[in-house]
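J.:
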Amino acid sequence: ICFQLLQDHCGDLLSNEVARVKYVVERVREAGDVVVVFDELFRGTNVKDAYDASFAVVDGLARLKQGVFVISSHIVEVAEALKRESSVDFRFFEINMETGEPRYTYRLREGVSDERIGMCILRKERVVALIEELTRNPS
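Just so we're aligned: 58 in this note's numbering is position 56 of the sequence shown, and the numbers increase by one with no gaps anywhere.
1) Taking 7 angstroms as the cut-off, is the C-beta of residue 19 nearer than that to any heavy atom in the ligand NAP?
2) Let me check one thing: in DSSP terms, what residues is residue 111 bridge-paired to?
3) Quick check on residue 89: buried or exposed, where buried means 16 or more other Cβ atoms within 10 Å of its Cβ?
4) Do you know offhand how far residue 1's Cα is from residue 73's?
5) Do the CB positions of residue 94 and residue 115 come within less than 8 angstroms of each other?
6) Compare the C-alpha of residue 62 against each of 105, 134, 84 and name the closest.
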């Protein structure tokens, strides 16, 4: 199953994501064995909703006997909640931080990443410094 975007049903990203997941589940019911890749489920909502919805979908898909599902997520709490599920396998892309800046190796490793690079990238791009300058010297 491969598609980039669904038609905008309700005018918001979350509704589109729910429609995409529903579409995939309906295709699984019809086709049986499928390969599905989800990249960042439910990023169109708040963190709590994203966790609850991601957990519900991944936990449900993990119990299916047909299909292969590759699901990326930055919500590490979902991985923690699913770590005892024998049909779920965790992998992450390695990042080398030896120089203090992320260097992407594109090597797939077993487990769940504990790297947190968001603030590193914000600092490198001086986003926080620019905001601080604006608060000190508004135009």
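Virtual Cβ for every residue (Gly too), placed ideally from N, Cα, C.
T.: In short:
1) This structure lacks the ligand NAP; in fact it carries no ligand of any kind.
2) 94.
3) exposed
4) An answer regarding residue 1 cannot be provided, because it is not within the stretch 3 to 141 covered by the chain.
5) yes
6) 84
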